Amino acid sequence: MQRFMTKIVNLMLEEKLFSWQGGPIILLQIENEYGDVENSYGKKGRDYINWAANMAVGLGAGVPWVMCKQTDAPEFIIDTCNGYYCDGFKPNSDKKPAFWTENWDGWYTTWGGSLPHRPVEDLAFAVARFFQRGGSLQNYYMYFGGTNFGRSAGGPFYITSYDYDAPIDEYGLLSQPKWGHLKDLHAAIRLCEPALVAVDSPRYVKLGPMQEAHVYHKGGNGRRPISDSGDESRCSAFLANIDQHNVASVHFQGHIYTLPPWSVSILPDCRNVAYNTAKVGAQTSVKELEPQAPHLSNTPVVQNLLHQDAASFISEKWETVNEPVGVWSDYNFTAQGILDHLNVTKDSSDYLWYFTRIYISGEDVSFWKKNGVHPNLTIDSMRDVVHIYVNGELAGSGVGRWVQVIQPVELLEGYNEVALLSLTVGLQNYGPFLEKDGGGFRGQIKLTGLEEGDMDLTNSSWIYQVGLKGEMQEIYTINGNEKAAWVDLTTNKVRYPLRWYKTYFDVFDGLDPVALDFSSMGKGQAWVNGHHIGRFWTLPSSQDGCERSCDYRGKYDSSKCTTNCGKPTQVRYHVPRSWLQESDNLLVVFEETGGNPFEISLTSHYTQIICASISESHYPPLSRWLNHGSVDGQILINDTTPEMHLHCEDEHVISIVFASYGTPEGSCPKFSRGSCHAPRSFDVVSGFCQGRQTCSIRVSNSEFNDPCRRVSKTLAVEAKCIPSRVTGSSSI
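Letter by letter, the sequence shown follows residues 1 to 732 in the UniProt record's numbering.
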């Protein structure tokens, strides 16, 4: 470890990457959340942390080092907070700043689980509270989602996607409104920067039973009251309502402010609200149309686009080859007893065959027939997946983490071949003693239901075969696929286990990210042009646990605001365009349990629907605030009119579907007109936005004419993002 750390730090020194050398690096980290496992190692855990800290500092990097979630970090290391909320975090010394190194804006997704979503209102609330209460540095985990290509997904049981509900998704597209609302949040905090950096600690002001203000006042160390003499330019304030249920009206500096539940208002000048965490002004983007989504319009253009969005099967011609059951090469060995999966495979493959033979007497067969029973193959404990084969036929499967498996089996008189295909689905990636986690089977493996009692197979002679034949021959590569004896596949020969499939496919033009839809398949792995795109599995999640609506208020955890209940956890798999060519792309699929490759489809990913709702009482865009930036510079608002901003991805333009200024009802993407509606709404919005990639509309009576006096009005807009080649428009 020391050799590795020395190598990395020296490389950065040589390239002059540290801030004191003129580079961008201001902070380094040693270890990660070791405090969660330290006690498992007793005194040696504490000794290790001290050694690691001293070793890191001794490398001479010249910038501070941090340790995440390490409450006993030495005085020369900054201990930091990781979590959903860190506003109450205090480092283990008053000499250290409060750092939030991992703000979890989503959570991991597991096979057979629903999809976690963290509401952006709560995420923004957590960030604002952190800086409100004196935080110094905050970092999102994750800000940009990704993909666990190959066999890199951990967990175990983490899915191939590492989207994480991040502000930028797995495909590199903006997740709205999360991205936009956070962008506005940090713009508002940036307006407060002169006061934030000039004050060591804010002044606390109690505003109500669950309401409070923190005031950063330049020149008074946050302690001096603010006067009405124009001193606001030296002051920034955060007003918080931590009540989960009720709106609060509070008095602050001679003004009344309305605070939604579970929200923070940011006042860069201690008077005017620039931002509230619960009032989202950013657009909402819908990237995929669900099958049950209603038609957005009766216009031919939109109907045509909806038809084009439907995925098409990638190929009508497929070839196949069988993967043999059990021992398939001379590179195997025999051992007495059950060996640990990972000790045998060394993680060179997900797959390991355990093979043995058992003898069944005629008396046993007669006993089963007479009593109308079947024998069971029982495994005391297994992780992650096992496929049980008897005499070359799949008897059943088991799934779980160190769970018991009881599988009824059909046995013949005489010798029977038992082959257990053990699989890992990602390795343990957190906790102490990772090296002891292991894989495969524990305890006894036995055959129950025999006339003379159970047959213990645990200490039998087992043949071990690592991996798959097709895997080891690399038949998924451009050159290696010719090693296999492929035959044409017919539609009546699908849905068999242990099959390899291959085809060639073309890719549509454009820059949109692409994915393969494997909803017709079972479980396995896939490769495109030799690149391993990851594991696939159509394991459905539970029907229970998802809420009809997501309430952002209150503490978040990963079971809150989940979606996709009762559906396969993941069906679409990212294929980077850099791995693709225009035509004749090789797709090779290994299917473990049975699927239909003829129904594999290729989809493009882009923002298909955008919508927004802005009231005339909303705050003006943050860009309207003028921060002169000098020590005594003023913060001014030159125009307080709210504005709606809409944006489509590259190579797409806006096509307006719905617009109403007045009292529209519903929510994105199901708006409808209310009792008050400005007749010019559609024409005005279309004039600003139709055929453009980006547009802005001022939300005011001057734009739409007042359709109902003395009524608070809102502008609601829904639009499609259509390929610019459809309209021939490239207008920005």
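Glycine is no exception: its CB is placed at the ideal position from the N, C-alpha and C atoms.
In this text the structure is predicted, and so the values were computed from the model without any measurement.
- Item | Straight-line Cα distance separating MET521 from LEU715 | Position 715 of the sequence shown holds residue 715. Position 521 of the sequence shown holds residue 521. Going from the Cα of LEU715 to the Cα of MET521 covers about 44 Å.
- Query: Are three or more beta carbon pairs between the stretch 373-383 and the stretch 434-452 nearer than 8 Å?
  - Reply: yes
- Item | ASN148, DSSP secondary structure in three states | Locating residue 148 in the sequence shown gives position 148, counting from the first residue. Three-state DSSP puts ASN148 in coil, outside helix and strand.
- Message: Suppose you measure from the CA of ASN638 to the CA of SER201; what does that come to, to the nearest Å?
- Response: Within the sequence shown, residue 638 is the residue found at index 638, counting from 1. Within the sequence shown, residue 201 is the residue found at index 201, counting from 1. Using only the alpha carbons, I get a separation of about 30 Å.
- Message: I need the boundaries of the alpha helix (DSSP H) containing CYS689, first residue and last residue.
- Response: Walking along the sequence shown from the start, residue 689 turns up at place 689. Its alpha helix (DSSP H) spans residues 681-689.
- By Cβ distance, which residues of its chain are closer than 7 Å to ASP169, with the 5 residues on each side in sequence left out? Working through the sequence shown from its first residue, we reach residue 169 at position 169. For ASP169, where only same-chain residues beyond five positions count, the Cβ hits under 7 Å are GLY145, ASP163 and SER175.
- Buried versus exposed call for PHE704 [16 or more other C-beta atoms within 10 Å across all chains shown]: Here residue 704 refers to the residue found at position 704 of the sequence shown. With 16 or more other Cβ atoms within 10 Å, it is buried.
- Using the beta-carbon count (16 or more within 10 Å), is LYS206 buried or exposed? To locate residue 206, count along the sequence shown from 1; it is residue 206. Its Cβ having fewer than 16 others within 10 Å, LYS206 is exposed.
- Counting only the same chain and skipping the five closest in sequence on each side, list residues whose C-beta sits under 8 Å from that of ILE78. By 1-based counting over the sequence shown, the position of residue 78 is 78. Here the set comprises PRO64, TRP65, VAL66, MET67, PRO91, LYS96, PRO97 and PHE99.
- Message: For ALA282 and ASP184, which I take to be in contact (beta-carbon distance under 8 Å), what is that distance rounded to the nearest angstrom?
- Response: On the sequence shown, position 282 is the one that residue 282 refers to. On the sequence shown, position 184 is the one that residue 184 refers to. About 7 Å separates the two Cβ atoms, so the contact holds.
- Taking the DSSP output, what are the residues bridged to SER263? Stepping through the sequence shown from its first residue, residue 263 is reached at position 263. ASN241.
- Message: How far does the alpha helix (DSSP H) with MET5 in it extend, from its first residue to its last?
- Response: Taking the sequence shown and counting its residues from 1, one reaches residue 5 at position 5. Its alpha helix (DSSP H) spans residues 2-14.
- Message: Please report the distance separating the alpha-carbon of TRP107 from that of ALA126.
- Response: On the sequence shown, position 107 is the one that residue 107 refers to. On the sequence shown, position 126 is the one that residue 126 refers to. Roughly 16 Å between the two C-alpha positions.
- Nearest-angstrom Cα separation, counted from ASN492 out to LEU587: Sequence index remark: in the sequence shown, residue 587 carries index 587 (1-based). Sequence index remark: in the sequence shown, residue 492 carries index 492 (1-based). Looking at the two C-alpha atoms, the distance is approximately 21 Å.
- Kindly provide the ranges of any beta strand (DSSP E) runs that are 3 or more residues long and lie completely inside the stretch 485-556, ordered along the chain. 499-505, 514-517, 523-528 and 531-537
- Item | Own chain, CB closer than 7 Å to TYR204, minus 5 neighbours either side, in chain order | The count along the sequence shown starts at 1 and reaches residue 204 at position 204. The answer, listed in chain order, is GLU212 and HIS214.
- Item | alpha helix (DSSP H) runs contained entirely in the stretch 416-493, provided each spans 4 or more residues | 469-472
- Measuring CA to CA, which of CYS668, GLU651, GLU649 and HIS652 is closest to PHE658? Position 658 of the sequence shown holds residue 658. Measuring from the Cα of PHE658, the nearest candidate turns out to be CYS668.
- Task: Give me the Cβ distance between TYR504 and ASN585, rounded to the nearest whole Å; I'm assuming they're in contact under 8 Å.
- Result: What you label residue 504 is simply residue 504 of the sequence shown in a count that begins at 1. What you label residue 585 is simply residue 585 of the sequence shown in a count that begins at 1. TYR504 to ASN585, Cβ: 6 Å. Contact.
- Task: Rank PHE671, ALA612, VAL487 and THR424 by C-alpha distance to the C-alpha of ILE697 and give the top, closest one.
- Result: Stepping through the sequence shown from its first residue, residue 697 is reached at position 697. Looking at the Cα atoms, ALA612 is the closest of the given residues.
- Task: Decide if the stretch 258-269 is in contact with the stretch 126-143; the criterion is three or more beta carbon pairs, one per stretch, under 8 Å apart.
- Result: yes
- Mind checking SER229: buried by the 16 CB within 10 Å criterion, or exposed? Mapped onto the sequence shown, residue 229 falls at position 229. For SER229, the predicted model reports a pLDDT of 41, less than 50, meaning its position is unreliable and no value from the coordinates is stated.
- Nearest candidate by alpha-carbon position, reference PHE355, set ASN332, SER366, TRP368 and GLY662: Reading the sequence shown from its first residue, position 355 is the one you call residue 355. Among ASN332, SER366, TRP368 and GLY662, the Cα nearest to that of PHE355 is on ASN332.
- Message: Please give me, in chain order, every unbroken run of the alpha helix (DSSP H) with length at least 4 that falls completely inside the stretch 120-189.
- Response: 120-132
- Query: Around the C-beta of GLY662, are 16 or more other C-beta atoms found within 10 angstroms, so that it is buried, or is it exposed?
  - Reply: Sequence index remark: in the sequence shown, residue 662 carries index 662 (1-based). Looking at its Cβ environment, which holds 16 or more other Cβ atoms inside 10 Å, GLY662 is buried.
- Assign GLU643 to one of two classes, buried (16 or more other C-beta atoms within 10 Å of its C-beta) or exposed (fewer than that). As a position in the sequence shown, residue 643 is number 643, starting the count at 1. So GLU643 counts as buried.
- Message: Quick test of the definition: if touching needs 3 or more C-beta pairs under 8 Å, does the stretch 427-441 touch the stretch 335-348?
- Response: yes
- Residues that PHE99 bridges to, as DSSP identifies them: One-based indexing of the sequence shown puts residue 99 at position 99. Per DSSP, LEU137.
- Item | Span of the beta strand (DSSP E), counted from its first residue to its last, around residue 799 | No statement about residue 799 is possible, as the shown extent of the chain runs from 1 to 732 and does not include it.
- Is DSSP giving SER592 helix, strand or coil here? In the sequence shown, residue 592 corresponds to position 592, counting from 1. Position check: residue 592 holds Glu in this sequence, whereas Ser was assumed. Reduced to three states, the DSSP call for GLU592 is coil.
- Task: Would you tell me roughly how many angstroms separate the C-alpha atoms of GLY666 and SER549, rounded to the nearest one?
- Result: On the sequence shown, residue 666 is found 666 positions in, with the first residue counted as 1. On the sequence shown, residue 549 is found 549 positions in, with the first residue counted as 1. Distance between the alpha carbons of GLY666 and SER549 is about 13 Å.
- Measure the Cβ-Cβ separation of THR320 and ARG535 and say whether it is below 8 Å. In the sequence shown, the residue the question calls residue 320 occupies position 320. In the sequence shown, the residue the question calls residue 535 occupies position 535. Their beta carbons are not under 8 Å apart, which means THR320 does not touch ARG535 by this criterion.
- Excluding five sequence neighbours on each side, which residues of the same chain lie with their C-beta closer than 8 Å to the C-beta of ILE681? For the purposes of this step, residue 681 is taken as the residue at position 681 of the sequence shown. The sequence as given places Ser at residue 681; Ile does not occur at that position. Excluding positions up to five away in sequence, the list reads ALA659, SER660, TYR661, GLY662, PHE704 and LEU715.
- Query: Would DSSP call PHE598 helix, strand or coil?
  - Reply: If you number the sequence shown from 1, residue 598 lands on position 598. Helix, per DSSP.
- Query: For GLN292, which three-state DSSP category applies?
  - Reply: Numbered from 1 along the sequence shown, position 292 holds the residue referred to as residue 292. Annotation note: pLDDT 28 at GLN292 (below 50); position unreliable, coordinate value reported separately. In the structure shown, GLN292 sits in coil (DSSP, three-state: anything other than H, G, I, E or B).
- Query: Quick one: is GLU649 buried, meaning 16 or more other Cβ sit within 10 Å of its Cβ, or exposed?
  - Reply: Counting from one through the sequence shown, the residue named residue 649 turns up at place 649. By the neighbour-count rule (16 or more Cβ atoms within 10 Å), GLU649 is buried.
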